[in-house]
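A.B. asks: Please find one structure pasted underneath; my questions will follow.
Protein chains: 2
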Amino acid sequence: MSEDFKSGNDLQNLSDEENFGVSTDLIHAVEDALEGSRDSEVEDLVEGLHEADTADLLETLGREERYRLMEVMGAGFDPEILPYLEETVRDEIVEWLGPDGIAKLVPSLDSDDAVELMQDLNEDLRIHILAALPLAYRRVIEESLSYPEDSAGRLMQREVVAVPSVWTIGETIDYMRVSENLPDDFYDIFVVDPRHHPVGFVPASRVMRSRRHVRLDEVMDADMRIIPLELDQEDVAHMFRQYGLVSAPVVEKSGRLVGVITVDDVVDVIDEEAGDDLMKMGGVSEPDLYDDVANTTIARFTWLGVNLLTAVLASVVISLFDATIEKVVALAVLMPIVASMGGNAGTQTLTVAVRSLAMKDLSEANAARFIGKEFIIGVINGVLFALLTGGVAWLWFGDWALALVIGAAMIINMVIAGLCGTLIPLGLERYEIDPAVASSVFLTTVTDVIGFFAFLGLAAMFLL
Amino acid sequence: MSEDFKSGNDLQNLSDEENFGVSTDLIHAVEDALEGSRDSEVEDLVEGLHEADTADLLETLGREERYRLMEVMGAGFDPEILPYLEETVRDEIVEWLGPDGIAKLVPSLDSDDAVELMQDLNEDLRIHILAALPLAYRRVIEESLSYPEDSAGRLMQREVVAVPSVWTIGETIDYMRVSENLPDDFYDIFVVDPRHHPVGFVPASRVMRSRRHVRLDEVMDADMRIIPLELDQEDVAHMFRQYGLVSAPVVEKSGRLVGVITVDDVVDVIDEEAGDDLMKMGGVSEPDLYDDVANTTIARFTWLGVNLLTAVLASVVISLFDATIEKVVALAVLMPIVASMGGNAGTQTLTVAVRSLAMKDLSEANAARFIGKEFIIGVINGVLFALLTGGVAWLWFGDWALALVIGAAMIINMVIAGLCGTLIPLGLERYEIDPAVASSVFLTTVTDVIGFFAFLGLAAMFLL
Chain A
1 MSEDFKSGND LQNLSDEENF GVSTDLIHAV EDALEGSRDS EVEDLVEGLH
51 EADTADLLET LGREERYRLM EVMGAGFDPE ILPYLEETVR DEIVEWLGPD
101 GIAKLVPSLD SDDAVELMQD LNEDLRIHIL AALPLAYRRV IEESLSYPED
151 SAGRLMQREV VAVPSVWTIG ETIDYMRVSE NLPDDFYDIF VVDPRHHPVG
201 FVPASRVMRS RRHVRLDEVM DADMRIIPLE LDQEDVAHMF RQYGLVSAPV
251 VEKSGRLVGV ITVDDVVDVI DEEAGDDLMK MGGVSEPDLY DDVANTTIAR
301 FTWLGVNLLT AVLASVVISL FDATIEKVVA LAVLMPIVAS MGGNAGTQTL
351 TVAVRSLAMK DLSEANAARF IGKEFIIGVI NGVLFALLTG GVAWLWFGDW
401 ALALVIGAAM IINMVIAGLC GTLIPLGLER YEIDPAVASS VFLTTVTDVI
451 GFFAFLGLAA MFLL
Chain B
1 MSEDFKSGND LQNLSDEENF GVSTDLIHAV EDALEGSRDS EVEDLVEGLH
51 EADTADLLET LGREERYRLM EVMGAGFDPE ILPYLEETVR DEIVEWLGPD
101 GIAKLVPSLD SDDAVELMQD LNEDLRIHIL AALPLAYRRV IEESLSYPED
151 SAGRLMQREV VAVPSVWTIG ETIDYMRVSE NLPDDFYDIF VVDPRHHPVG
201 FVPASRVMRS RRHVRLDEVM DADMRIIPLE LDQEDVAHMF RQYGLVSAPV
251 VEKSGRLVGV ITVDDVVDVI DEEAGDDLMK MGGVSEPDLY DDVANTTIAR
301 FTWLGVNLLT AVLASVVISL FDATIEKVVA LAVLMPIVAS MGGNAGTQTL
351 TVAVRSLAMK DLSEANAARF IGKEFIIGVI NGVLFALLTG GVAWLWFGDW
401 ALALVIGAAM IINMVIAGLC GTLIPLGLER YEIDPAVASS VFLTTVTDVI
451 GFFAFLGLAA MFLL
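Protein sequences appear in the order of chains A and B. For the first sequence, UniProt numbering begins at 1 and goes up steadily by one. For the second sequence, UniProt numbering begins at 1 and goes up steadily by one.
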């Protein structure tokens, strides 16, 4: 019985998140033991952890402790840990292991894990490791690396079970029992024609349940989705999501079956994709939790620099009206409200647009309807918040004209915000620029500039 | 051979996204045919579409066209389309079908799809539908509905293949062949002890490849993750992600096996979860692409209302210094820069924190290190942007004192932004408030208030 199996009594507490993953207590215990150089205690604590949990432990530790833990694990370091590590930490550990250390570990990895590891290494290191690999294994990895990054070819497993459609269930089972060259476990058996093109699939469970004399093409499912080798991994993820797929055959241009993608490979892509959009919208190029201070600072500096330019642009707009502000200082007090509300209303629309584009829910077919809807919402919310802010301005400064001016500026800015929140991402998407990255800078520039210009401009016209 | 199978020549264009999903051309063709009341043309266009694609088509159409299409599909409406629909559109169609129409369709759905559909219906409609179901099926659905929303119990399939550990491969296969009561296809067979507690699993492919006389407990994998019935679906998703699971047994409190969750069920949860965080950070309660104008406006109004309050608070801070601004109008020109840079720097940190908390990468174990790192980044970026904005202020207004004041305010605000970007989400998480929802409002309030206060306050002290 596995150590992971919980008896009935333990189950009471299983909903507590400490019951899976590495607990804070374990991490502190490891840190303590590392600090006290009690190596055998560290070994005891780490032994028996799932590779994914050991990876989490390594990530959570500070850099020095991480190196100390690596030293303690030493030759016993399980290469299966590597695929679970975040890129930054993996790079550190790869460097720590050195070219020869890595080359020794790679052959024990599954080919898709090895490819994932190798594709991030620099050219020199990659060549060094490839040279150290057994020839057949090396060929497989080199071929995978020859497919475009983020393509179905990189994502697929090359080990695929393919049998001719003329076989019976019995022949198939007998072949499975003697064949050495199959993946350990698999879900679907692919049925191929004489040209090795996939024509259907049979779930392993169905093979098991059918009578030996039944022919494969009698029980196979011909309704399947076929993935071309070059398809981008985000499109692969979309196909799996759209059709609820569990596994799908991958074919090269000629139509020959060359591999299989299973849904568990796709989970990582979906996860990454959604996280990436969130990061980009927040002005972070990628998750940088494990990056060091220097790299993080540099990565974030660019975005802040762009933002400084747009902020200065907004300031230039304000400076056009400095004489007006000097006369009516209430304008300086109220002007951030107009800009801020426009920015927030626009961000709401933008967020829906970016997510809907990523999910392929928003396309040219319904863009016009979406834009129209956001325009109307902009008008309605514009009017409502014009009344509210106008009311605030009137209560505060007792000035009807000022209240009218801020109300009018609010309507203008919120309508423009709604339109820009839709048109900017749709425009960027059309020119194949990732809308998650660039949209929000464009948007806030527009809402700041329009917000200040409309409010101060109307004030200059009607209040002086 | 399936219509989805592409011959070699077609594959050339398969990487084009038009080759799966509903194309814009198809949508326009359907719209045209609906408008011209050419019903048989509509039927031809829709026939043979995958249910997921028909669902997309229904979503993309405007409401009137949607009802028209439903009329055309009429009695031929495939209930399998329902689980693929977004909630808003599904509600509309459920209403259109009416209680009796729905009650007729539900029994042909898989139990988990039926549960997903029923859980969103109102109480009256649910009771009406339940009453119309066959008793056994009704029991299954009622039991599922009795588990907490968003729990493993709702997510699991109740059809699970469980066999005693003393059985041989041969006995297992024979049982599979005669048993009527099994799911159509499955990946893993669960091995249970006499109390029906899971003790291991055997992938279907391994059963098929093993000799008949081998005992199950010789080939089974005892290292598995067991999911309690009450576990929140986000934790379920985390387990699948963490350990790369394909399927996992679900047990009730006593430890009895009651169901199975497979990775394809989890894909939807992961997707939803990531999208939800993005939406919440953008100030949208949920994806509202298909909501009508009224509902969308109401949902967004709340967030904008909260934002208005914080904007007014910032204005109050500015008004404290109106005498200062009256004397040095350059302050009004420059003050949005300080607030905006703080807001953006804070949002970067906040985004990383929210995502890392959701991925369980950030926890108490490494919180101190994260806060420390963000503090240092705040100091470094604060100093860098103090020099830049100070330079801009000096070039623009030729005033050294003003340049020093804006530089000092920038450092203060960016350091505070970095700290708040970490402390606010960590604090909310500790009190079990979703950090994605509330963090950004708190954050921008702080960066606006501190930004204006530091800049104008220092100016009042040193420039007058």
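Glycine residues also receive a C-beta, built at the ideal position from the N, C-alpha and C atoms. Because the structure is a prediction, the values reported are computed rather than measured.
1) For residue 151 of chain A, collect the residues of the same chain with a Cβ closer than 8 Å to its Cβ; drop the 5 residues on either side in sequence, then sort them by chain order.
2) Measuring only between beta-carbons, confirm whether residue 148 of chain A sits less than 8 Å from chain B.
3) With a threshold of 8 Å between beta-carbons, can residue 243 of chain B be considered close to chain A, or not?
4) Counting contacts by CB-CB distance shorter than 8 Å, is residue 425 of chain B in contact with chain A?
5) DSSP three-state call for residue 7 of chain A: helix, strand or coil?
6) Would a check of beta-carbon distances place residue 362 of chain A closer than 8 Å to chain B?
7) Check the Cβ of residue 187 of chain A against every Cβ in chain B and list those closer than 9 Å, keeping chain order.
8) Give me whichever residues DSSP pairs with residue 262 of chain A in a beta bridge.
9) When DSSP labels each residue in this structure, what does residue 426 of chain B get in the three-state scheme?
10) Would you kindly report the start and end of the unbroken alpha helix (DSSP H) that includes residue 376 of chain A?
11) Taking residue 303 of chain B as the query, report the chain A residues whose CB atoms sit under 8 Å from its CB, ordered along the chain.
12) Considering only residues of the same chain and omitting the five flanking positions on each side of residue 287 of chain B, which have a CB-CB separation below 7 Å?
13) What distance in whole Å lies between the Cβ atoms of residue 386 of chain A and residue 455 of chain A, which are believed to be in contact at a cut-off of 8 Å?
14) Which runs of the alpha helix (DSSP H), 4 residues or longer, sit entirely within the region 257-343 of chain B?
15) Compare the Cα-Cα distances from residue 140 of chain B to each of B/112, B/166, B/56, B/443 and report the closest residue.
16) How many Å lie between residue 259 of chain B and residue 432 of chain B at the Cα?
17) Give me the residue from A/330, A/361, A/36, A/349 with the minimum Cα distance to residue 375 of chain A.
18) I need the straight-line Cα distance from residue 353 of chain B to residue 204 of chain A, nearest angstrom please.
19) Cβ closer than 8 Å: which chain A residues qualify as neighbours of residue 29 of chain B?
20) Express the C-alpha separation of residue 47 of chain A and residue 73 of chain A in angstroms, rounding to a whole number.
21) When you compare only the Cα positions, how much space is there between residue 125 of chain B and residue 98 of chain B?
22) Does the CB of residue 287 of chain A have a neighbour CB from chain B at under 8 Å?
23) Examine the Cβ distances between the region 171-187 of chain B and the region 202-220 of chain B and report whether three or more of them are shorter than 8 Å.
24) I need the straight-line Cα distance from residue 475 of chain B to residue 389 of chain B, nearest angstrom please.
25) Going by DSSP, what residue range makes up the beta strand (DSSP E) through residue 188 of chain B?
26) Quick check on residue 267 of chain B - is its C-beta less than 8 Å from some C-beta in chain A?
27) Between which two residues does the beta strand (DSSP E) containing residue 201 of chain A stretch?
28) Could you tell me the alpha carbon to alpha carbon distance between residue 461 of chain A and residue 429 of chain A, rounded to whole angstroms?
29) Let me see if you follow: with CB-CB separation under 8 Å, is residue 165 of chain B close to chain A or not?
30) Does any C-beta atom of chain A lie closer than 8 Å to the C-beta of residue 110 of chain B?
31) Residue 292 of chain B: buried (16+ other C-beta within 10 angstroms of its C-beta) or exposed?
32) Can you check which of these residues, A/58, A/298, A/41, is closest to residue 22 of chain A by C-alpha distance?
33) Cβ of residue 122 of chain B less than 8 Å from any chain E Cβ?
34) When you compare only the Cα positions, how much space is there between residue 67 of chain B and residue 93 of chain B?
35) Can you list, in chain order, the residues of its chain with a C-beta nearer than 7 Å to that of residue 296 of chain A? Leave out the 5 residues immediately preceding and following it.
36) For a test of the three-state rule: what should DSSP assign to residue 30 of chain A, helix, strand or coil?
C.D. replies: So, to answer that:
1) Looking up residue 151 of chain A in the first sequence gives position 151. Counting only Cβ-Cβ distances below 8 Å, and skipping sequence neighbours, we find 229, 230, 231, 232, 233.
2) The residue given as residue 148 of chain A occupies position 148 in the first sequence. Closer than 8 Å: no.
3) Here the question's residue 243 of chain B lines up with position 243 in the second sequence. Output row for residue 243 of chain B: interface = yes.
4) The count along the second sequence starts at 1 and reaches residue 425 of chain B at position 425. Not an interface residue.
5) Indexing the first sequence from 1 puts residue 7 of chain A at position 7. The pLDDT assigned to residue 7 of chain A is 38, lower than 50, so where the model puts this residue is not dependable; a value taken from the coordinates is nonetheless given after this. Coil, per DSSP.
6) Residue numbering aside, residue 362 of chain A sits at position 362 when the first sequence is read from its first letter. So, interface residue.
7) On the first sequence, residue 187 of chain A is found 187 positions in, with the first residue counted as 1. Here the neighbours are 185, 187, 203, 204, 205, 246.
8) Locating residue 262 of chain A in the first sequence gives position 262, where the first residue counts as 1. Note: residue 262 of chain A is bridge-paired with A/247 in the DSSP secondary-structure output.
9) Position 426 of the second sequence holds residue 426 of chain B. Three-state result, residue 426 of chain B: helix.
10) On the first sequence, residue 376 of chain A is found 376 positions in, with the first residue counted as 1. Looking at the DSSP string, the run of the alpha helix (DSSP H) that includes residue 376 of chain A is 364-397.
11) Locating residue 303 of chain B in the second sequence gives position 303, where the first residue counts as 1. Under the 8 Å cutoff, chain A gives 344, 348.
12) The residue labelled residue 287 of chain B in the question sits at position 287 within the second sequence. Excluding positions up to five away in sequence, the list reads 275, 279.
13) In the first sequence, counting from the first residue as 1, residue 455 of chain A sits at position 455. In the first sequence, counting from the first residue as 1, residue 386 of chain A sits at position 386. With 8 Å as the limit, residue 455 of chain A and residue 386 of chain A do not qualify as a contact, their Cβ atoms being about 12 Å apart.
14) 263-281, 293-319, 322-327
15) To locate residue 140 of chain B, count along the second sequence from 1; it is residue 140. Here the closest residue by C-alpha is B/112.
16) Reading the second sequence from its first residue, position 259 is the one you call residue 259 of chain B. Reading the second sequence from its first residue, position 432 is the one you call residue 432 of chain B. Those two C-alpha atoms are separated by around 29 Å.
17) As a first step, residue 375 of chain A is located in the first sequence; it is residue number 375 there, counting from the start. Measuring from the Cα of residue 375 of chain A, the nearest candidate turns out to be A/349.
18) Here residue 353 of chain B is taken as the residue at index 353 of the second sequence, counted from 1. Here residue 204 of chain A is taken as the residue at index 204 of the first sequence, counted from 1. Using only the alpha carbons, I get a separation of about 43 Å.
19) Counted from its first residue, the second sequence places residue 29 of chain B at position 29. Neighbours of residue 29 of chain B on chain A: none; closest Cβ ~11 Å, over 8 Å.
20) Here residue 73 of chain A is taken as the residue at index 73 of the first sequence, counted from 1. Here residue 47 of chain A is taken as the residue at index 47 of the first sequence, counted from 1. C-alpha separation (whole angstroms): 9 Å.
21) As a working mapping, residue 125 of chain B is identified with position 125 in the second sequence. As a working mapping, residue 98 of chain B is identified with position 98 in the second sequence. Cα to Cα, the separation comes out at about 9 Å.
22) The count along the first sequence starts at 1 and reaches residue 287 of chain A at position 287. Yes, residue 287 of chain A lies at the interface with chain B (some Cβ there is under 8 Å from its Cβ).
23) yes
24) Outside the displayed span of chain B (1 to 464) sits residue 475 of chain B, for which this structure offers no information.
25) Position 188 of the second sequence, counted from the start, is the residue given in the question as residue 188 of chain B. First-last of the beta strand (DSSP E) with residue 188 of chain B: 188-192.
26) In the second sequence, residue 267 of chain B corresponds to position 267, counting from 1. Yes, its Cβ sits closer than 8 Å to a Cβ of chain A.
27) As a position in the first sequence, residue 201 of chain A is number 201, starting the count at 1. Looking at the DSSP string, the run of the beta strand (DSSP E) that includes residue 201 of chain A is 198-203.
28) As a first step, residue 461 of chain A must be located in the first sequence, where it is residue number 461. As a first step, residue 429 of chain A must be located in the first sequence, where it is residue number 429. Their backbone Cα atoms lie some 39 Å apart in a straight line.
29) Here residue 165 of chain B corresponds to residue number 165 of the second sequence, with the count starting at 1. So no, residue 165 of chain B is outside the interface.
30) One-based indexing of the second sequence puts residue 110 of chain B at position 110. No, because no Cβ of chain A sits closer than 8 Å to the Cβ of residue 110 of chain B.
31) The count along the second sequence starts at 1 and reaches residue 292 of chain B at position 292. By the 10 Å Cβ count, residue 292 of chain B comes out exposed.
32) Within the first sequence, residue 22 of chain A is the residue found at index 22, counting from 1. Per the Cα distances, A/58.
33) You won't find chain E in this structure, because its protein chains are A and B.
34) Mapped onto the second sequence, residue 67 of chain B falls at position 67. Mapped onto the second sequence, residue 93 of chain B falls at position 93. Cα to Cα, the separation comes out at about 8 Å.
35) Looking up residue 296 of chain A in the first sequence gives position 296. So the qualifying residues of the chain are 288.
36) Within the first sequence, residue 30 of chain A is the residue found at index 30, counting from 1. Looking at residue 30 of chain A - three-state DSSP - the assignment turns out to be helix.
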